[in-house]
Amino acid sequence: TQSLCCRLGCRLFPNGTAHSFYEVTLNGTAFLSFHVPNATWERRWPGRDAVATFAERELMKYPKTTRDLQHFLNTTCVGILRAQSSWTGKQSSRSHAPLVLGLILGTCALLGMAVGIFLCTGGSC
2 TQSLCCRLGC
12 RLFPNGTAHS
22 FYEVTLNGTA
32 FLSFHVPNAT
42 WERRWPGRDA
52 VATFAERELM
62 KYPKTTRDLQ
72 HFLNTTCVGI
82 LRAQSSWTGK
92 QSSRSHAPLV
102 LGLILGTCAL
112 LGMAVGIFLC
122 TGGSC
């Protein structure tokens with residue numbers, strides 16, 4: 002069997018810079034990649050292969066689709082990550098909600114146990 006796999010996305014780094022990518026593999030070997038800054042396809046297949054050359058030439062026949070892909074990777078993808086980052090706070094910070102919730106529940110459990118002991122002993126100290 003043969004497989005052609007595509008992987009695309011973007012990364013947002015803590016300093017605010019971003020890196021977008023689109024990579025195509027053929028049977029697990031790098032085949033083509035999309036060079037986002039200048040919106041061109043590049044062969045990655047080792048050696049000079051007619052299939053990789055054909056695929057690159059065919060993909061470059063669609064300039065509007067290529068520009069749309071560039072816009073998606075540079076603008077939409079990065080915008081989603083920036084929105085997610087501002088939604089969750091700092092990118093690398095951890096949420097303290099589970100810790101706070103655990104402390105509140107633990108305090109309530111101890112308070113409930115103390116009230117139960119107080120009531121079971123006849124309410125006298």
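Here the sequence shown stands for residues 2 to 126, where the numbers follow this note's numbering. Backbone N, C-alpha and C define an ideal beta-carbon position, used for all residues, glycine too.
Practice problem: Note the first and the last residue of the continuous alpha helix (DSSP H) segment covering residue 66. | Solution: 64-72
Practice problem: Any chance you could list the beta strand (DSSP E) runs of at least 3 consecutive residues sitting entirely within the segment 4-86, in chain order? | Solution: 5-13, 19-27, 30-36, 41-44
Exercise. Would you check if the segment 73-82 and the segment 41-55 touch, i.e. whether three or more CB-CB distances between them fall below 8 Å?
Key: no
Self-check item: From 46, 41, 71, 28, residue whose alpha carbon lies closest to that of residue 2
Solution: Taking only the C-alpha atoms, the option nearest residue 2 is 28.
Practice problem: Take residue 4 and list the residues in its own chain whose beta-carbon comes closer than 7 Å to its own, dropping the five residues that flank it on each side. | Solution: 28
Self-check item: Beta-carbon contacts of residue 20 that lie in its chain and below 8 Å, excluding the five residues immediately before and after
Solution: 11, 12, 14
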